[in-house]
Amino acid sequence: MESTEIKGIAFVSIYTDDFEKSYKFYSEVLGLKKQFDMGDQACFFEVPENTGLYLQGGNKTVEFDDQMMRAAFVFSVESASAMWEKLKAEGLKLI
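So the sequence shown is numbered by the numbering used here: it starts at 15 and just counts up by one.
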């Protein structure tokens, strides 16, 4: 059976209402290198240790409630299909 061990975080998503300001912060202040653009309001930065940072603009700042997503992250695993089978076996329901 393939391993389902989590190897790390593959990328982090940042949603912002001011793409240009956020882009300058991550590129000029933190020194992250852009890997590629994803339209005119989104890009993907390269982060050391095989991690990435996805930046998306055009998002209004809103008040959060218990039903809203506050953050998104993706684990890096050896086999996504093996992990999916393990999660289903543990009773995970896709929503």
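Positions of the beta carbon are idealized from the N, C-alpha and C atoms, including for glycine.
Residue i by DSSP, collapsed to three states: which one?
{"i": "leucine 106", "result": "coil"}
{"i": "lysine 74", "result": "coil"}
{"i": "serine 90", "result": "strand"}
{"i": "alanine 97", "result": "In the sequence as presented, alanine is not what sits at residue 97; that position holds methionine. If DSSP states are grouped into helix, strand and coil, methionine 97 belongs with the helices."}
If I measure Cβ to Cβ from residue i and keep anything under 7 angstroms in the same chain, skipping five residues before and after, which residues do I get?
{"i": "tyrosine 159", "result": "Given a span of 15 to 109 for the chain in the structure shown, any question on residue 159 remains unanswerable."}
{"i": "methionine 52", "result": "Phe58"}
Cβ atoms of residue j and residue i: under 9 angstroms apart, would you say?
{"i": "serine 93", "j": "alanine 24", "result": "no"}
{"i": "serine 95", "j": "glutamate 16", "result": "yes"}
{"i": "glycine 105", "j": "glutamate 63", "result": "no"}
Return the chain-ordered list of same chain residues with a C-beta closer than 8 angstroms to the C-beta of residue i, the five sequence neighbours on each side being excluded.
{"i": "glutamine 49", "result": "Cys57, Phe58, Phe59, Glu60 and Gly66"}
Leaving out five residues before and five after residue i in sequence, what residues of the same chain have Cβ atoms less than 6 angstroms from its Cβ?
{"i": "threonine 18", "result": "Ala96, Met97 and Lys100"}
{"i": "valine 88", "result": "Ala24 and Phe25"}
The stretch 64-76 contacting the stretch 23-36, beta-carbon criterion three pairs below 8 angstroms: Enough Cβ pairs lie closer than 8 angstroms, so yes.
4 or more residues per run - each alpha helix (DSSP H) lying fully within the stretch 18-71: Complete alpha helix (DSSP H) runs here, min 4: 33-38.
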